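Peer 1: The opening position of the sequence shown corresponds to residue 630 in the working numbering, with each subsequent residue numbered one higher.
Quick reminder that beta carbons are idealized off the backbone N, C-alpha and C, glycines included.
This one's a predicted model, so the numbers in the text were calculated from it and none came from an experiment.
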Amino acid sequence: MSARILSPSETRRELERIRHQPDTRLGQNFLVDGNIVRKSVRLAAIQSGDVVVEIGPGLGTLTYALLEAGAIVYAIEFDRLLYQHLNDTMASDFPDRLHLSQGDAVKVPLAGIPALYDGDFKIVANLPYAISTPWMAAILAGRLPQRMVLMLQAETASRLMAPHGCKNFSAISILLQSAYLPAESHRVSPNCFHPRPEVGSTLIRMDLRPDPVRLAPESMDLIRGLFRKRRKQIGSLLRSVSPEVAAPFLADLESAGLPPRTRPEAIPLARWHQLDTIVRSTGKPRDGKAM
């Protein structure tokens, strides 16, 4: 594995050799710390034959580690030059286990896993920070991996894993935690990347719940709208946009000891699932964007 983990200077030389200039707007910060690469593989508990999705493989450092652990890897790279580099240097070494594609991971969130494949799979990725939230929403709308190990901007990771009652608890927290249990998180220094990002990073592991809940799109629209005004009280917010939902939902909150003056961030996950049930039953969901 170590032979494919490039130091910052080696990464810089390799990028110069292929005439590639990292675009930090696309989140092109290449992982150069072998300990973090190994930790990612270890957290994912990769076994020989595991099917793994990787987003943004870059120069292939993590890709190689996954392949060396015996994984079958489906990887999608947005950058044409990096895709071609991987295709020229790595694909021939693993013709049966590395499946590379070039494209937009938000549009192809599972990196080309065959539609007929119905087995378990994992996602392990140093995720380009620019696409983390829309990509996550796309993942949660489709087939769900058994485990995700993701490198994320620290702020994004905090929102994904925040419990209710925390200022970072948000609509994306609800969407993710309805399906996944946040398991582990590790802060990662900017020095572990080239170029060095200006923001902190966090490596997180999330495991699929035994009974994952998928919220209706209409429910998520409503929840996003409520969190855009998170400092307001849930009673006045809901009554102003959806009386049909407000009455039964506020009654449910009251039964759980949560008065109408409660703010959205203080409402636990189970109550948001009840909101979803109410939205589905009313047949009159409201678009949160109108709030």
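At what residue ranges does the segment 659-743 contain a whole run of the beta strand (DSSP E), taking only runs of 3 or more?
Peer 2: Correct list: 680-684, 701-706 and 727-731.
Peer 1: What are the boundary residues of the alpha helix (DSSP H) that Ala766 is part of?
Peer 2: Counting from one through the sequence shown, the residue named residue 766 turns up at place 137. Ser761 to Leu769 is the extent of the alpha helix (DSSP H) around Ala766.
Peer 1: Within 10 Å of its beta-carbon, does Thr653 have 16 or more other beta-carbons around it, so buried, or fewer, so exposed?
Peer 2: Position 24 of the sequence shown, counting from 1, holds the residue named residue 653. Exposed, by the Cβ-count rule.
Peer 1: In this structure, does DSSP put His902 in helix, strand or coil?
Peer 2: The sequence position of residue 902 within the sequence shown is 273, counting from 1. Helix.
Peer 1: How big is the Cα-Cα spacing for Ile863 and Leu660?
Peer 2: Along the sequence shown, one-based indexing puts residue 863 at 234. Along the sequence shown, one-based indexing puts residue 660 at 31. Distance between the alpha carbons of Ile863 and Leu660: 42 angstroms.
Peer 1: Based on the DSSP output, what are the partners of Gln873 in its beta bridges?
Peer 2: Numbered from 1 along the sequence shown, position 244 holds the residue referred to as residue 873. Per the sequence shown, the amino acid found at residue 873 is Glu instead of Gln. Bridge partners of Glu873: none, in fact.
Peer 1: Let me know if Ala632 comes out buried or exposed under the rule of 16 or more other beta-carbons within 10 Å of its beta-carbon.
Peer 2: Counted from its first residue, the sequence shown places residue 632 at position 3. Model confidence at Ala632 stands at a pLDDT of 42, short of 50, so the residue's coordinates are unreliable; what they give is reported in the following sentence. With fewer than 16 Cβ atoms within 10 Å of its Cβ, Ala632 is classed as exposed.
Peer 1: I believe Val670 touches Lys751 by the beta-carbon criterion, under 8 angstroms. Please report the beta-carbon distance rounded to the nearest angstrom.
Peer 2: Here residue 670 refers to the residue found at position 41 of the sequence shown. Here residue 751 refers to the residue found at position 122 of the sequence shown. Contact doesn't hold; Cβ gap of about 11 angstroms is too wide.
Peer 1: Cutting at 7 angstroms between CB atoms, please list the residues of its own chain near His649, excluding the five before and the five after it.
Peer 2: Residue mapping note: residue 649 aligns to position 20 of the sequence shown, counting from 1. So the qualifying residues of the chain are Leu710 and Leu711.
Peer 1: Considering just the uninterrupted stretch of the beta strand (DSSP E) at Leu779, what are its terminal residues?
Peer 2: Position 150 of the sequence shown holds residue 779. Unbroken beta strand (DSSP E) run through Leu779: Arg776 to Gln782.
Peer 1: Just reading off the beta strand (DSSP E) that Glu813 is part of, what are its end residues?
Peer 2: Numbered from its first residue, the sequence shown carries residue 813 at position 184. Looking at the DSSP string, the run of the beta strand (DSSP E) that includes Glu813 is Tyr809 to Val817.
Peer 1: According to the neighbour-count rule (16 or more other Cβ atoms, all chains shown, within 10 Å of its Cβ), is Ala919 buried or exposed?
Peer 2: To locate residue 919, count along the sequence shown from 1; it is residue 290. With a pLDDT of only 36 at Ala919, under 50, the local geometry of the prediction cannot be trusted, and the value read off the model is given with reservation. Result: exposed.
Peer 1: Going along the chain, which residues of its own chain have a beta-carbon closer than 6 angstroms to the beta-carbon of Met630, five neighbours each way excluded?
Peer 2: For this step, residue 630 is matched to residue 1 along the sequence shown. Residue confidence for Met630 is low, a pLDDT of 39 falling below 50, so the modelled location carries little weight and cannot support an answer.
Peer 1: Three-state secondary structure (DSSP) at Asp916?
Peer 2: Reading the sequence shown from its first residue, position 287 is the one you call residue 916. Caution applies to Asp916, whose pLDDT of 49 falls short of 50 and renders its modelled position unreliable; the model cannot decide the point.
Peer 1: Tell me whether Val753 sits in a helix, a strand or coil according to DSSP, three-state version.
Peer 2: Numbered from 1 along the sequence shown, position 124 holds the residue referred to as residue 753. It is a strand residue.
Peer 1: Could you check the C-alpha separation between Leu879 and Ser871 for me, to the nearest Å?
Peer 2: Within the sequence shown, residue 879 is the residue found at index 250, counting from 1. Within the sequence shown, residue 871 is the residue found at index 242, counting from 1. Straight-line Cα distance between these residues: approximately 12 angstroms.
Peer 1: Residues in the same chain with beta-carbon distance under 7 angstroms from Asp662, minus the five sequence neighbours each way, listed in chain order, please.
Peer 2: Indexing the sequence shown from 1 puts residue 662 at position 33. Counting only Cβ-Cβ distances below 7 angstroms, and skipping sequence neighbours, we find Cys821.
Peer 1: Are Ala734 and Trp764 closer than 8 angstroms when you measure CB to CB?
Peer 2: By one-based count along the sequence shown, residue 734 stands at place 105. By one-based count along the sequence shown, residue 764 stands at place 135. Yes, the Cβ-Cβ distance between Ala734 and Trp764 is below 8 angstroms.
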